[in-house]
Amino acid sequence: MKLNNIKLIVSDMDGTLLNSKHQLPSNFEDIYKLLEAQNIKFVAASGRQYYSIIDKFEHFTNNITIVAENGAYIKSNTSEIAVHKIPKAKLNSIISFIRTIPNTYLVLCGKKQAYIEQHDAAFVSFFKEFYNAYQIVDAVLCMEDDFFKIALYNPNGAEENIYPFLNPFKTAFQIKVSGYYWVDVMQLNINKGTALEQLQTIWHISKEETLVFGDYLNDLELFKQATYSVAMENAHSAIKGLASYQTKSNDENGVVDFIQKNILE
1 MKLNNIKLIV SDMDGTLLNS KHQLPSNFED IYKLLEAQNI KFVAASGRQY YSIIDKFEHF
61 TNNITIVAEN GAYIKSNTSE IAVHKIPKAK LNSIISFIRT IPNTYLVLCG KKQAYIEQHD
121 AAFVSFFKEF YNAYQIVDAV LCMEDDFFKI ALYNPNGAEE NIYPFLNPFK TAFQIKVSGY
181 YWVDVMQLNI NKGTALEQLQ TIWHISKEET LVFGDYLNDL ELFKQATYSV AMENAHSAIK
241 GLASYQTKSN DENGVVDFIQ KNILE
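Below, the structure written as structure tokens:
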């Protein structure tokens, strides 16, 4: 199978492009250069913080476009394309409520850095993989920043232990299960799909010219914004059900394998 008309490839990071050790495929830089030579744009789209994503692409940061914080922040080279802030007044009630959810850790994600109140060593160690720039503070709402997202972590699983509690807020916020342990809360109607739609408009690229990769529930809108969607072997069943194709797992370099076989060959 050869996809001849692709002009834009968008990939999720964790569970998709990155392996279980949070590393890029060893040959990704070579693949990226081959895509560039064919004028095919590559976008990394993640629930991660911008600084955490760009750190993975340290060898070619001047060329790559990043969709961070599940679509709340888009940056290409040195240019900001979109900044979707949550008004601070809107944060007060939901953060007060979040504090009542059992065994749940809160991360307030800002443009400058992320903010946490917990000193729990195990949580901080896990959290640091996804947030390079962060500060441990006494009260997150006392910080001055542009806030994109609230990220919530539960060590027993987010889909069962965080997401149901947030039902009262679903008309006011975009709430997505973004990983086994994580739920993300953004401005209403902000997600990876809306970010992709904005990039498609700017670059005059259609859905039919777009290929996307993903593995989890925060990739659903991304899949709906592209004609060609690829689920990882390790993907959530809902993603597999929506995908056009399936590829190998993230630990088997499924993204680059699919690109090599169906775009570059």
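Here the UniProt record's numbering is used: position 91 in the sequence shown is 91, and no number is missing along the way.
Every residue, glycine too, gets a C-beta built ideally from N, C-alpha and C.
For residue i, three-class secondary structure by DSSP
i	result
TYR32	helix
LEU8	strand
VAL120	It is Asp, not Val, that sits at residue 120 in the sequence shown. Three-state DSSP puts ASP120 in coil, outside helix and strand.
TYR105	strand
TYR181	coil
LEU91	helix
LYS56	helix
ILE86	coil
residue 268	Residue numbering for the chain in the displayed model covers 1 to 265; residue 268 lies beyond these limits and cannot be assessed.
LEU17	coil
Whether residue i touches residue j by CB criterion (7 Å)
i	j	result
ALA68	ILE53	yes
GLY193	LEU222	yes
SER249	ASN218	no
GLY47	ASN70	yes
GLN113	ALA133	yes
LEU34	LEU211	no
VAL137	TYR115	yes
ILE74	ALA195	yes
SER26	LEU17	no
ILE190	HIS84	yes
ILE9	PHE42	yes
LYS149	CYS109	yes
ILE86	PHE130	no
C-alpha distance - residue i paired with residue j, whole-angstrom precision
i	j	result
ALA45	ALA158	20 Å
SER237	TYR180	13 Å
MET1	MET143	52 Å
MET186	TYR50	15 Å
GLU58	ASN39	21 Å
GLN174	TYR105	19 Å
ALA122	ILE205	43 Å
PHE258	ILE64	20 Å
ALA37	ASN161	46 Å
VAL107	ALA151	5 Å
GLU29	PHE97	44 Å
GLN23	LYS56	8 Å
VAL140	MET13	27 Å
PRO155	ASN5	42 Å
ASN234	GLU208	25 Å
LEU199	PHE165	33 Å
VAL256	MET232	11 Å
THR78	THR247	33 Å
Beta-bridge partners of residue i, as assigned by DSSP
i	result
GLU80	LYS75
THR65	VAL43, SER76
TYR115	LEU108, GLN135
LYS2	Paired residue(s): none; LYS2 is not in a bridge.
ILE175	VAL185
| task | Give, in chain order, every unbroken run of the beta strand (DSSP E) that is at least 3 residues long and sits entirely within the segment 127-172. | result | 134-136, 147-153
| query | Which runs of the beta strand (DSSP E) spanning at least 3 residues fall entirely within the segment 184-262, listed in chain order? | reply | 210-214, 228-231
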